[in-house]
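Student: Next up is a structure, given as structure tokens.
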Amino acid sequence: MAPTENLDAVVVSVPPYNYIHVLDRNTNITRLVTGPTTFVRKDHETITQMPVRMISVTTSEYCAISNPVKRDEEGNIMEEHGQAILDFGEVEYRFAQPPFPLYPGETIDTPVTKLDVLSAVEALLLTAKVGFLDSDGTARVAGDKWLFEGPGAYRPRKEVEVLKRCDALTVEPNTALLIRATTNFTDKNGRRRFAGEKWLIKDPGAYMLGAYEHCESVIHAYNLDEKHALHVRAIKSHTDDFGHRRKHGEEWLITSADTESHIPSVNEEVIRVAEPIVLTSRNYCVVCDPLPQIELKTV
Numbered sequence: 001m002a003p004t005e006n007l008d009a010v011v012v013s014v015p016p017y018n019y020i021h022v023l024d025r026n027t028n029i030t031r032l033v034t035g036p037t038t039f040v041r042k043d044h045e046t047i048t049q050m051p052v053r054m055i056s057v058t059t060s061e062y063c064a065i066s067n068p069v070k071r072d073e074e075g076n077i078m079e080e081h082g083q084a085i086l087d088f089g090e091v092e093y094r095f096a097q098p099p100f101p102l103y104p105g106e107t108i109d110t111p112v113t114k115l116d117v118l119s120a121v122e123a124l125l126l127t128a129k130v131g132f133l134d135s136d137g138t139a140r141v142a143g144d145k146w147l148f149e150g151p152g153a154y155r156p157r158k159e160v161e162v163l164k165r166c167d168a169l170t171v172e173p174n175t176a177l178l179i180r181a182t183t184n185f186t187d188k189n190g191r192r193r194f195a196g197e198k199w200l201i202k203d204p205g206a207y208m209l210g211a212y213e214h215c216e217s218v219i220h221a222y223n224l225d226e227k228h229a230l231h232v233r234a235i236k237s238h239t240d241d242f243g244h245r246r247k248h249g250e251e252w253l254i255t256s257a258d259t260e261s262h263i264p265s266v267n268e269e270v271i272r273v274a275e276p277i278v279l280t281s282r283n284y285c286v287v288c289d290p291l292p293q294i295e296l297k298t299v
């Protein structure tokens, strides 16, 4: 801001892209005078703001103005008795535009700042401070949370607060993320989730947690071969990864004939890693509750 020691000057040179504020003591109205001009002060006028450079905002920046001037539907500044009408208590975010002055009563809430630029594996967690209609047509209510995902530049708005910056989690091959819903919501695949519900994300690559998702842990796959199988039990009735309907409490083996590796679902618990029983010609064993062998029931 320019120095203000010559407020009593009669003639003030206002360079291009500069402005001053002038108070008319007869009407008690402060008006804006923009350059380039040579301003000659009258006896009933007082210069309250000496020449100040207008605010410039580039395409990669923004600023926030407190008590902004009101505008009509066509974007023209609304005036009353020759003075711009202010929207007291409000904040207006301004983005790339020609250099602009501050009208009397306007103040800078946030100076010119670079926009948040996000990569493809970054996001901002946002929450609504008041109810409003989002730019994509989504109706937001106070307290709603959602993500702004990259790549892109985030343009802030007065109804929204940025809670934090988030990084995507990486799903390695033969691993999965155990996700828990923190409240009832519809996930990014359009599936309805309920508070406390858990599920797995197995697709390798980057995964961005939703606003109402929490990562409980990383699950590693069990590698299966001829000497190792999984003895699992169903926690609840469900259809397993191989299309078989399992009932609550049912137990079964998953062998290398089914898959080379297996990540137990949230509906399964691993009882143990089973190994084959090797019998020589001098050994025998007794099997309780045998399962059908070679399509014949053993009794």
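Quick note: the sequence shown uses the UniProt record's numbering, first residue 1, plus one each step. Note that CB positions come from ideal geometry on N, CA and C, so glycine has one too.
1. Measuring only the C-alpha atoms, how far is Ser281 from Glu213?
2. According to DSSP, residue 306 sits in a beta bridge with which residue or residues?
3. Tell me whether residue 301 sits in a helix, a strand or coil according to DSSP, three-state version.
4. For Lys158 versus Val91, is the C-beta spacing smaller than 8 Å?
5. Applying the criterion that 16 or more other CB atoms from any shown protein chain within 10 Å of the CB defines a buried residue, is Val273 buried or exposed?
6. Where does Asn26 fall in DSSP's three states?
7. Looking at the unbroken beta strand (DSSP E) that takes in Lys164, where does it start and where does it end?
8. Put Glu250 into one of helix, strand or coil per three-state DSSP.
9. At 3 residues or longer, and completely inside the stretch 167-202: list those beta strand (DSSP E) runs for me, N to C.
10. For Pro173, which residues of its own chain have a beta-carbon under 7 Å away from its beta-carbon, when the five flanking residues on both sides are left out?
11. Thr107: buried (16+ other C-beta within 10 angstroms of its C-beta) or exposed?
12. Looking only at its own chain, which residues have a Cβ that is under 6 Å from the Cβ of residue 302, when we skip the five neighbours before and after it?
13. Short of 6 Å in beta carbon distance, which residues of its chain neighbour Leu279, apart from the five on each side in sequence? Order them along the chain.
14. Spell out the partners DSSP gives Gly205 in its beta bridges.
15. Buried or exposed: Leu133, going by 16 or more other Cβ atoms within 10 Å of its Cβ?
Tutor: Checking against the coordinates, here is how it stands:
1. 56 Å
2. Because the chain spans 1 through 299 in this model, residue 306 falls outside it and cannot be assessed.
3. A query on residue 301 cannot be resolved here, the shown segment of the chain reaching from 1 to 299 and no further.
4. yes
5. exposed
6. coil
7. Val160 to Asp167
8. coil
9. 169-171, 175-181 and 198-201
10. Pro204
11. exposed
12. Residue 302 falls outside the range modelled here, since the chain spans only 1 to 299, and no answer is possible.
13. none
14. Val171
15. exposed
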